[in-house]
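Asks: I am attaching a structure below and will ask some questions about it afterwards.
Numbering (the UniProt record's numbering), first residue to last: 1 to 175.
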């Protein structure tokens, strides 16, 4: 019996280390249930990034207001040369600036709404559509749109947008 105890000092030492550091020993590590594992998602990060992108887009719309101001100044400034022109060049600046302003403010507001809906886990299709629209709005929009689409396509993320989803019990009745 003493030989068994003397032959196993390494095993005893490993068991003491595992107990000391809280690591499961032997078969206990394989007895962990699979349903305790929940894949992670980045929805809270994407909600914040959509808010930042929406604010930056609305701030970018100020550029088009400046463009409209320049066009208005050109319209009312006296021109040298032919005064009887059928269309004043300043009006082109005003029209382009107005259309650009409306488009960027609309995209900015829709992106802010998408960030709000991501945080609330509702309107899956709206968020998906805005992620696609963001892909045409520059480098930040492309990166944010692609990664949002990739994350929204994960099954456990789609489940979070279902009406009966309970965040305290994400896997339903599995126990």
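All residues carry an ideal CB built from backbone N, CA and C; glycine is no exception.
Tell me the DSSP secondary structure of residue 190 in three-state form.
Replies: With the chain covering only 1 through 175, there is no way to say anything about residue 190.
Asks: Am I right that residue 123 and residue 117 are in contact with their C-beta atoms under 8 Å? What's the rounded C-beta distance?
Replies: 4 Å
Asks: As a quick exercise: from 95, 105, 41, 78, pick the residue whose alpha carbon is nearest that of residue 137.
Replies: Taking only the C-alpha atoms, the option nearest residue 137 is 105.
Asks: Based on Cα-Cα distance, which residue from 54, 160, 165, 166 lies nearest to residue 41?
Replies: Comparing alpha carbon positions, the residue from 54, 160, 165, 166 closest to residue 41 is 160.
Asks: List the endpoints of the continuous alpha helix (DSSP H) containing residue 137.
Replies: It is not in any alpha helix (DSSP H) - residue 137 carries neither H nor E in the DSSP assignment.
Asks: Looking at the ligand ATP, does it come within less than 7 Å of residue 72, judged from the CB to the closest heavy atom?
Replies: What this structure holds is no ligand at all, so the ligand ATP is not there to describe.
Asks: Closest to residue 92 by C-alpha separation, out of 112, 76, 68, 113, would be which residue?
Replies: Nearest option by C-alpha distance: 68.
Asks: Given 8 Å as the limit, is there contact between the segment 150 to 157 and the segment 93 to 112, that is, 3 or more CB pairs closer than that?
Replies: no
Asks: For residue 2, which of helix, strand or coil comes out of DSSP?
Replies: Low confidence applies to residue 2: its pLDDT is 48, below 50, so where it sits in the model is not reliable enough to give any reading.
Asks: Going by beta-carbon coordinates alone, are residue 115 and residue 73 separated by less than 8 Å?
Replies: Not closer than 8 Å, so no.
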